[in-house]
Amino acid sequence: MSGTLKNKIIDDFRRKSRLPLAELDVEQEQGLEEMVEDQFDQRGHWAATPAAWMNPEASLEQKRFWEVFDLCLTALPAKPARVFGMRELLGMETEEICKELGLSSSNCWVLLHRARLGLRDCLSRRWFGEH
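The opening residue of the sequence shown carries number 10 in this note's numbering; numbering runs sequentially from there.
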């Protein structure tokens, strides 16, 4: 479930980064209207019974993890953080990242390695309580 949500967020992030803000507002409003309309039948009743929610404690724990992860990613130097985000969060290929940022392939891999080490160290301390 969380992998699907992550992919939807990434797809939405990519789409929004390409649109001017005026177009984005219109699309968001239309999308919201469509979403609301799809939830109900012609008589105003739920079209489908709402699904049971996840365990709130597990959801909160997951939310906290991503908050800590975001802090750790933000604490990285700008270049490794950007390369990591493009590769792991946006799913871009290394060749595409190199072209966009003007990096050699080996430099890109070094930056990814440094970002992963930095994240590992930060998460070990802030999330797993090690060190």
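Beta carbons are placed, not taken as given, at the ideal position from N, Cα and C, and that holds for glycine.
Please read these numbers as outputs of a predicted model, since none were measured by experiment.
**OP:** Could you tell me which residues DSSP pairs with residue 49 in its beta bridges?
**Re:** Start at 1 with the first residue of the sequence shown, and residue 49 comes out as number 40. Answer is 55.
Original post:
Between residue 127 and residue 65, what straight-line distance do the alpha-carbon atoms span, to the nearest angstrom?
Top reply: As a first step, residue 127 is located in the sequence shown; it is residue number 118 there, counting from the start. As a first step, residue 65 is located in the sequence shown; it is residue number 56 there, counting from the start. So the two alpha carbons sit approximately 30 Å from each other.
**OP:** Would you be able to state if there are at least three C-beta pairs under 8 Å between the stretch 79 to 89 and the stretch 112 to 126?
**Re:** Touching, yes.
Subject >> Alpha-carbon spacing of residue 137 relative to residue 125, whole angstroms >> reply: Counting from 1 along the sequence shown, the entry for residue 137 is found at position 128. Counting from 1 along the sequence shown, the entry for residue 125 is found at position 116. One alpha carbon belongs to residue 137, the other to residue 125, and they sit about 16 Å apart.
**OP:** Could you tell me the distance, in whole angstroms, from the CA atom of residue 71 to the CA atom of residue 54?
**Re:** To locate residue 71, count along the sequence shown from 1; it is residue 62. To locate residue 54, count along the sequence shown from 1; it is residue 45. Cα-Cα distance, rounded: 32 Å.
Subject >> Residue of 103, 110 and 78 minimising C-alpha distance to residue 134 >> reply: Along the sequence shown, one-based indexing puts residue 134 at 125. Per the C-alpha coordinates, the member of 103, 110 and 78 positioned closest to residue 134 is 78.
Original post:
Straight-line CA distance for residue 81 to residue 68?
Top reply: Locating residue 81 in the sequence shown gives position 72, where the first residue counts as 1. Locating residue 68 in the sequence shown gives position 59, where the first residue counts as 1. Going by the C-alpha atoms only, they are around 20 Å apart.
Original post:
Between which two residues does the alpha helix (DSSP H) containing residue 127 stretch?
Top reply: For the purposes of this step, residue 127 is taken as the residue at position 118 of the sequence shown. That run of the alpha helix (DSSP H) goes 114 to 135.
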